[in-house]
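S.K.:
So this is what it looks like as structure tokens:
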């Protein structure tokens, strides 16, 4: 068993899989209380738990730092390595120290619990991505089926709201909410094969998706669809080329762009979510009204596009933030959009990203706001869509 563990660690080091390596260390030391017996010397138990507290705390601190501005690949890798289950298992460390009333520094236990709480919450902003939602849903189902909350003693805290159990409850609530946003959507990638020629592309039937063994990111409904996608023309669009690039970038610790289907599906979830919430409290609608009342005469040459009322939805953190601004001012908030902002000011619309001009025209014809959605990813991931909000709400 030790030889096998050592081999896996060496293999992960060679592949520079820092996330996988960190999670393996966490898993090893989170199980520490299980190896302690009543016959163990009290001093040995205290030393063992103190060491486990320190190592697990450092690893989670590093892990939080890595995922604080992570790529989708890192998030998927962490979930595929069962990071959420290891967080729940770490509850045993906290309980062992409390039950044995050991002289472990209380700040050490508090710091660890705080980091575990934040680690679970780190995944919430990524839930709109179907590929992430699928993985989190699978983990939650496993936890419920195996009754792991009871097994590891995870529960909410009556004294404060920053326990592992409370963070888990928030994650489950957000997962249910995001899944409810996607039910019935024919283009939801949760059940869509990656092959553009898949005969089940818009099928409502359920089938088991098979994951590419190379990149570990792309799913197909059958081997036949994978072969079609592998040989797609032109060659630079084939999965043969894309898969090789993803594997190379993973080993070189280079971030990978979000899959276009995943990004647009996530944007739809975010916009639907905000619309549902707005139906309850009208916060977005009221912001649009306030913006219309305070809007000064436009100073822009291209009034149709530059000053178009835009709802910016920023889902990079939890809870998400939103504001209402002219489209050109939204672009000015993000250094990544400098070229596009200058192009709009000069009226050079042909250099804008694909689809923007059509979105501007549709928003004008339907008298609707624009929606500028920013999603979490180490690379700048955003979409521009026609919003569900009327430009002049009643």
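Numbering (this note's numbering), first residue to last: -15 to 378.
Glycine included, every Cβ here is placed at the ideal spot set by N, Cα and C.
Got a sec, what are the start and stop residues for the beta strand (DSSP E) residue 268 sits in?
M.R.: Premise fails: residue 268 lies in the alpha helix (DSSP H), 267 to 278, not in any beta strand (DSSP E).
S.K.: Measure the Cβ-Cβ separation of residue 114 and residue 14 and say whether it is below 7 Å.
M.R.: Not closer than 7 Å, so no.
S.K.: Could you have a look at residue 195 and say whether DSSP puts it in helix, strand or coil?
M.R.: Residue 195 falls in the strand class under three-state DSSP.
S.K.: Residues in its own chain within less than 7 Å of residue 132 by CB, not counting five upstream and five downstream?
M.R.: Result list for residue 132: 69 and 72, in chain order.
S.K.: Taking residue 210 as part of the beta strand (DSSP E), name the residues at either end of that continuous run.
M.R.: No beta strand (DSSP E) holds residue 210; the alpha helix (DSSP H) holding it covers 207 to 214.
S.K.: Taking the alpha carbon of residue 227 as the point to measure from, which residue in 58, 202, 211 and 311 has its own alpha carbon closest?
M.R.: Of the candidates 58, 202, 211 and 311, the one whose C-alpha sits nearest the C-alpha of residue 227 is 202.
S.K.: Residue range of the alpha helix (DSSP H) that residue 58 falls in?
M.R.: Residue 58 -> alpha helix (DSSP H) spans 56 to 64.
S.K.: What are the boundary residues of the beta strand (DSSP E) that includes residue 373?
M.R.: Residue 373 -> beta strand (DSSP E) spans 365 to 374.
S.K.: Can you tell me the Cα-Cα spacing of residue 319 and residue 301, whole angstroms?
M.R.: The alpha-carbon atoms of residue 319 and residue 301 are separated by roughly 19 Å.
S.K.: Measure the Cβ-Cβ separation of residue 356 and residue 308 and say whether it is below 7 Å.
M.R.: Cβ atoms of residue 356 and residue 308: not closer than 7 Å.
S.K.: Can you give, in chain order, each stretch of the alpha helix (DSSP H) that sits fully within the stretch 70 to 139 and has at least 4 residues?
M.R.: Listed in chain order, the complete alpha helix (DSSP H) runs (minimum 4 residues) inside the stretch 70 to 139 are 75 to 83, 90 to 106, 114 to 130 and 132 to 136.
S.K.: For residue 346, report the span of its alpha helix (DSSP H) as first-last.
M.R.: Taken as a continuous stretch (DSSP letters only), the alpha helix (DSSP H) holding residue 346 covers 340 to 350.
S.K.: How about residue 375 and residue 353: do their beta carbons lie closer than 7 Å?
M.R.: Their beta carbons are under 7 Å apart, which means residue 375 touches residue 353 by this criterion.
S.K.: Measure the C-alpha to C-alpha separation of residue 58 and residue 8 and round it to an integer number of angstroms.
M.R.: Roughly 15 Å separates the two Cα atoms.
S.K.: Measuring only between beta-carbons, confirm whether residue 14 sits less than 7 Å from chain B.
M.R.: The chain inventory of the structure shown lacks chain B, comprising one protein chain alone.
S.K.: Would the beta-carbon of residue 111 fall within 7 Å of that of residue 162?
M.R.: Yes, Cβ-Cβ distance for residue 111 and residue 162 is below 7 Å.
S.K.: Rounded to the nearest angstrom, what separates residue 305 and residue 216 at their Cα positions?
M.R.: In a straight line, the C-alpha of residue 305 is about 40 Å away from that of residue 216.
S.K.: Which residue from 48, 44, 34 and 196 puts its Cα closest to that of residue 82?
M.R.: With distances taken between Cα atoms, residue 82 lies closest to 34.
S.K.: Between residue 299 and residue 28, what straight-line distance do the alpha-carbon atoms span, to the nearest angstrom?
M.R.: Cα to Cα, residue 299 sits roughly 46 Å from residue 28.
S.K.: Comparing alpha-carbon positions, which option in 260, 294, 214 and 255 lies nearest residue 273?
M.R.: Cα-wise, what sits closest to residue 273 is 294.
S.K.: Could you say which of 317, 230 and 11 lies nearest to residue 297 if we only look at CA atoms?
M.R.: When each option's Cα is compared against that of residue 297, the closest is 317.
S.K.: Exposed or buried, residue 385, counting other C-beta atoms within 10 Å across all chains shown (16 or more means buried)?
M.R.: Because the chain spans -15 through 378 in this model, residue 385 falls outside it and cannot be assessed.
S.K.: By how many angstroms is the C-alpha of residue 246 removed from the C-alpha of residue 212?
M.R.: For residue 212 and residue 246, the distance between alpha carbons rounds to 20 Å.
S.K.: Per DSSP, what kind of secondary structure is residue 33 in: helix, strand or coil?
M.R.: Reduced to three states, the DSSP call for residue 33 is helix.
S.K.: Look at the Cβ atom of residue 74, then the Cβ atom of residue 106, and state whether they are nearer than 7 Å.
M.R.: Contact: no.
S.K.: What residue does the beta strand (DSSP E) around residue 309 start on, and which one ends it?
M.R.: Counting along the chain, the beta strand (DSSP E) containing residue 309 begins and ends at 305 to 310.
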